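Visitor: One structure, as structure tokens, below. Some questions next.
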Amino acid sequence: MIWVDDATRMRTFIGNGYDRFWSFKGRYRVVKGSRASKKSKTAALWFVSQLSKEKYRDANLLVIRKTFRTLKDSCFAELKWAIRRLGLQGTWKAKESPLEIENVKTGQKIYFRGLDDPFKITSITVERGYLCWLWIEEAYEIDNEADFATIDESIRGAVPEPLFKQVTLTFNPWSETHWLKKRFFDTPQRDVLAITTDYTCNEWLQEDDKRMFETMKQNNPRRYRVAGLGDWGVAQGLIFDNWCVQAFSVEELLHGEDSWKYRCVYGLDYGYSNDPTAFVAAAVNREDKVLYIFDEHYQTRMVNSEIAAMIKKKGYQKERIRADCAEPKSNEELRRAGILRIQPADKGRDSVLHGIAVLQEYRIVVHPVCKAAIAELSSYAWKTDSTGAGINEPEDKNNHLMDALRYAMADVRHFRPKDPTVRTKPGVSYYARLAASFDSEWE
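Going by the working numbering, the first residue of the sequence shown is number 71, and it counts up by one from there.
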């Protein structure tokens with residue numbers, strides 16, 4: 071193993087770009103980083119190396135994400151990688167039930183929790199020592215600041231020196247309207263280190279990855295500013311601005327008291343090598359003009375048999391799915407594979423602009439698990455002319471799920487919800503009954 075107190079040797083494991091992050095001991099370390107900016111790996115290396123130091127032998131770590139099931143393949147895997155990287159396999163042992171990592175020499179532990187069970191966060195106690203450090207990965211998944219405050223309070227109480235309490239937040243670029251920006255980036259604070267990192271500080275990035283970013287810089291500068299340089303994920307000229315990311319109960323939405331107001335719609339846009347196949351599921355309230363995106367699939371190089379298997383796995387094989395009408399062969403193959411109600415989308419002159427106009431009438435709420443939908447809504451923009459002025463034509467990129475959503479909206483056109491609490495007499499239409507109820511109020 072390496073000597074974790076040797077700063078010179080640790081540099082060979084950390085690399086450049088994170089000096090302030092490594093040495094800062096204030097209350098909050100906040101890292102907004104682009105893809106391949108090594109923020110998660112650096113955080114994992116810091117936690118394992120510091121927890122392994124003699125002077126911090128009484129410190130424990132709590133790791134949090136929005137949903138517990140995402141921890142195993144993200145933070146848990148990153149911390150195990152850091153243990154191997156530092157040669158500390160004989161010191162730290164990981165187990166999956168319960169999900170935790172323990173220092174076999176000191177009894178220190180790394181705990182893992184999800185916000186889908188908030189009670190387990192607020193009630194957590196450590197077996198020995200103190201709960202000093204908290205790591206929130208993909209912090210943008212926390213929808214509001216009040217939820218963060220509840221988590222923040224789990225790191226409380228005095229700790230003896232040289233221990234110190236600290237909350238570390240790492241996340242990819244997100245909407246500039248997110249509370250994280252105002253709380254940590256807009257106003258400098260003594261107890262906050264808020265930094266933005268990007269792929270250029272990753273000296274271990276392979277050449278093909280570097281070329282990918284350079285190509286993105288040339289062909290899609292708006293996306294490059296976000297995915298490459300870590301800028302906030304809102305650009306000028308966005309097509310959709312009336313949307314938000316918000317956790318909601320899909321079960322309540324589809325089966326609760328007000329579920330009768332909603333029509334579920336499903337859309338599919340085909341892709342293969344460069345463009346992904348995009349599937350979207352949404353619940354639409356036509357009267358109140360609100361649309362909830364609750365499921366998605368976004369993947370390249372899918373053949374039709376795999377698309378059919380994906381739809382069946384999600385349980386949507388009996389639903390009406392609107393798909394790209396330019397792919398009649400693919401639609402027929404899906405029918406033969408058991409997706410019997412797949413229908414071609416309506417296309418025609420100005421159908422794209424018309425479909426966009428329809429969606430712009432709605433307030434769009436996106437479940438946090440639908441990351442591809444969020445990414446497209448954050449980057450789907452109008453074209454500009456040679457002077458930089460916007461023109462009434464969308465860019466043909468960052469739009470695959472948006473196309474699928476446009477297709478799906480055809481099934482809302484004639485939808486009229488029927489209130490199940492309103493009982494109608496035989497032969498009397500729902501609308502006649504509704505009109506009569508209005509008249510009776512004025513008698």
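Heads up, the beta-carbon is just placed ideally off N, CA and C, and yes, glycines get one too.
Please read these numbers as outputs of a predicted model, since none were measured by experiment.
Any idea what DSSP makes of L323, helix, strand or coil?
Guide: For the purposes of this step, residue 323 is taken as the residue at position 253 of the sequence shown. DSSP places L323 in helix when its eight states are reduced to three.
Visitor: Which residues does DSSP list as the beta-bridge partners of K102?
Guide: Your numbering for residue 102 matches position 32 in the sequence shown. In the DSSP output, where bridge partners are listed per residue, K102 has F241, T266.
Visitor: Hey, L185 and I134 are a contact pair by Cβ (cut 8 Å); roughly how many whole angstroms apart?
Guide: The count along the sequence shown starts at 1 and reaches residue 185 at position 115. The count along the sequence shown starts at 1 and reaches residue 134 at position 64. That pair is a contact at about 7 Å.
Visitor: Does W313 come out as helix, strand or coil in the three-state DSSP assignment?
Guide: In the sequence shown, the residue the question calls residue 313 occupies position 243. Residue state, collapsed to three classes: strand.
Visitor: Based on Cα-Cα distance, which residue from S329, E322, T240 lies nearest to A540?
Guide: Missing from the structure shown is residue 540; the chain here goes from 71 to 513 and no further.
Visitor: Over the uninterrupted alpha helix (DSSP H) stretch that includes Y477, give me the two end residues.
Guide: Taking the sequence shown and counting its residues from 1, one reaches residue 477 at position 407. From DSSP, the alpha helix (DSSP H) with Y477 extends over 470-478.
Visitor: I'd like the list of long-range same chain contacts for K399, defined as Cβ closer than 7 Å, with 5 residues on each side in sequence excluded.
Guide: Along the sequence shown, read from residue 1 onward, the residue named residue 399 stands at position 329. Excluding sequence neighbours, K399 sits near nothing in its chain.
Visitor: Applying the 10 Å Cβ sphere with the 16-neighbour rule, what's the burial state of K125?
Guide: Within the sequence shown, the letter at position 55 stands for residue 125. Exposed, since its Cβ has fewer than 16 Cβ neighbours within 10 Å.
Visitor: Taking all protein chains shown into account, decide if D523 is buried (16 or more other Cβ within 10 angstroms of its Cβ) or exposed.
Guide: It is not possible to answer for residue 523, since the shown part of the chain is limited to 71 through 513.
Visitor: Examine the Cβ distances between the segment 418-438 and the segment 344-361 and report whether three or more of them are shorter than 8 Å.
Guide: Yes, the segment 418-438 touches the segment 344-361.
Visitor: Counting only the same chain and skipping the five closest in sequence on each side, list residues whose C-beta sits under 8 Å from that of P414.
Guide: Position 344 of the sequence shown holds residue 414. Within the same chain, P414 has close Cβ partners R392, A393, D394, C395, P398, N401.
Visitor: Tell whether a beta-carbon distance below 7 Å holds between S449 and R260.
Guide: As a working mapping, residue 449 is identified with position 379 in the sequence shown. As a working mapping, residue 260 is identified with position 190 in the sequence shown. Contact: no.
Visitor: May I ask which residues mark the beginning and end of the alpha helix (DSSP H) holding C202?
Guide: As a working mapping, residue 202 is identified with position 132 in the sequence shown. Premise fails: C202 lies in the beta strand (DSSP E), 200-207, not in any alpha helix (DSSP H).
Visitor: Kindly indicate which three-state DSSP category V296 falls into: helix, strand or coil?
Guide: Position 226 of the sequence shown holds residue 296. Reduced to three states, the DSSP call for V296 is helix.
Visitor: Note down the Cα distance separating L233 from A474, rounded to an integer number of angstroms.
Guide: As a first step, residue 233 must be located in the sequence shown, where it is residue number 163. As a first step, residue 474 must be located in the sequence shown, where it is residue number 404. Whole-angstrom Cα-Cα distance: 52 Å.
Visitor: What span of residues does the alpha helix (DSSP H) with N289 cover, start to end?
Guide: Numbered from its first residue, the sequence shown carries residue 289 at position 219. That run of the alpha helix (DSSP H) goes 277-289.
Visitor: Is the distance from the Cβ of A451 to the Cβ of G307 below 7 Å?
Guide: Position 381 of the sequence shown holds residue 451. Position 237 of the sequence shown holds residue 307. Their beta carbons are under 7 Å apart, which means A451 touches G307 by this criterion.
Visitor: Rounded C-beta distance between N462 and E446? I'm assuming under 8 Å.
Guide: Your numbering for residue 462 matches position 392 in the sequence shown. Your numbering for residue 446 matches position 376 in the sequence shown. Incorrect: roughly 19 Å between the Cβ atoms, too far for contact.
Visitor: Quick check on V546: buried or exposed, where buried means 16 or more other Cβ atoms within 10 Å of its Cβ?
Guide: Here the chain covers residues 71 to 513 and nothing more, so residue 546 does not appear.
Visitor: Residues in its own chain within less than 7 Å of D222 by CB, not counting five upstream and five downstream?
Guide: The count along the sequence shown starts at 1 and reaches residue 222 at position 152. Within the same chain, D222 has close Cβ partners V237.
Visitor: Can you find the residues in the same chain that come closer than 7 Å, C-beta to C-beta, to G199, ignoring five residues on each side of it along the sequence?
Guide: In the sequence shown, residue 199 corresponds to position 129, counting from 1. Once the five neighbours on either side are set aside, the close Cβ partners of G199 are D128, A129, N130, Q178.
Visitor: Using the C-alpha atoms, what's the distance from E172 back to I180?
Guide: Translated into the one-based positions of the sequence shown, residue 180 becomes position 110. Translated into the one-based positions of the sequence shown, residue 172 becomes position 102. Taking the straight line from one Cα to the other gives about 6 Å.
Visitor: Please confirm if the segment 89-102 is in contact with the segment 134-150, defined as three or more CB-CB distances below 8 Å between the two stretches.
Guide: No: the two stretches stay apart, fewer than three of their Cβ pairs being nearer than 8 Å.
Visitor: Which two residues bound the contiguous alpha helix (DSSP H) that contains R406?
Guide: Against the sequence shown, residue 406 aligns to sequence position 336. That run of the alpha helix (DSSP H) goes 398-406.
Visitor: Could you tell me the alpha carbon to alpha carbon distance between T257 and T82, rounded to whole angstroms?
Guide: For the purposes of this step, residue 257 is taken as the residue at position 187 of the sequence shown. For the purposes of this step, residue 82 is taken as the residue at position 12 of the sequence shown. Cα to Cα, the separation comes out at about 34 Å.
Visitor: How many Å lie between N86 and W92 at the Cα?
Guide: Position 16 of the sequence shown holds residue 86. Position 22 of the sequence shown holds residue 92. Their Cα atoms are separated by approximately 11 Å.
Visitor: In the structure shown, what three-state DSSP assignment does I72 receive?
Guide: The residue you call residue 72 lines up with position 2 of the sequence shown. A caution first: I72 carries a pLDDT of 47, below 50, which makes its placement in the model unreliable, though a value can still be read off. Looking at I72 - three-state DSSP - the assignment turns out to be coil, as it is neither helix nor strand.
Visitor: Please name the residue, chosen from K453, V439, G425, that lies closest to D481 on a Cα-to-Cα basis.
Guide: Here residue 481 is taken as the residue at index 411 of the sequence shown, counted from 1. When each option's Cα is compared against that of D481, the closest is G425.
Visitor: Going by DSSP, which residues form a beta bridge with D365?
Guide: Position 295 of the sequence shown holds residue 365. According to DSSP, D365 bridges with A351.
Visitor: My understanding is that W205 touches C271, with C-beta atoms under 8 Å, so please give their C-beta distance in whole angstroms.
Guide: By one-based count along the sequence shown, residue 205 stands at place 135. By one-based count along the sequence shown, residue 271 stands at place 201. The pair is not a contact, with the Cβ atoms about 20 Å apart (cut-off 8 Å).
Visitor: Rounded to whole angstroms, what's the CA-CA distance from V296 to Y269? Just pull it up for me.
Guide: As a first step, residue 296 is located in the sequence shown; it is residue number 226 there, counting from the start. As a first step, residue 269 is located in the sequence shown; it is residue number 199 there, counting from the start. V296 and Y269: Cα-Cα distance of roughly 11 Å.
Visitor: Alpha carbon to alpha carbon, how far is C440 from Q316? Give it in angstroms, no decimals.
Guide: For the purposes of this step, residue 316 is taken as residue 246 along the sequence shown, with counting starting at 1. For the purposes of this step, residue 440 is taken as residue 370 along the sequence shown, with counting starting at 1. Taking the straight line from one Cα to the other gives about 11 Å.
Visitor: Taking the alpha-carbon positions, what's the H248 to T267 distance?
Guide: Here residue 248 corresponds to residue number 178 of the sequence shown, with the count starting at 1. Here residue 267 corresponds to residue number 197 of the sequence shown, with the count starting at 1. The alpha-carbon atoms of H248 and T267 are separated by roughly 18 Å.
Visitor: On the criterion of 16 or more Cβ atoms from any shown chain inside 10 Å, does I194 qualify as buried, or is it exposed?
Guide: The sequence position of residue 194 within the sequence shown is 124, counting from 1. Answer is exposed; the Cβ neighbour count stays below 16.
Visitor: Any idea what DSSP makes of Q413, helix, strand or coil?
Guide: As a working mapping, residue 413 is identified with position 343 in the sequence shown. Residue state, collapsed to three classes: strand.
Visitor: Report all residues from its chain with a CB closer than 7 Å to the CB of V229; omit the five preceding and five following residues, and keep chain order.
Guide: Working through the sequence shown from its first residue, we reach residue 229 at position 159. Y200, C202, K235.
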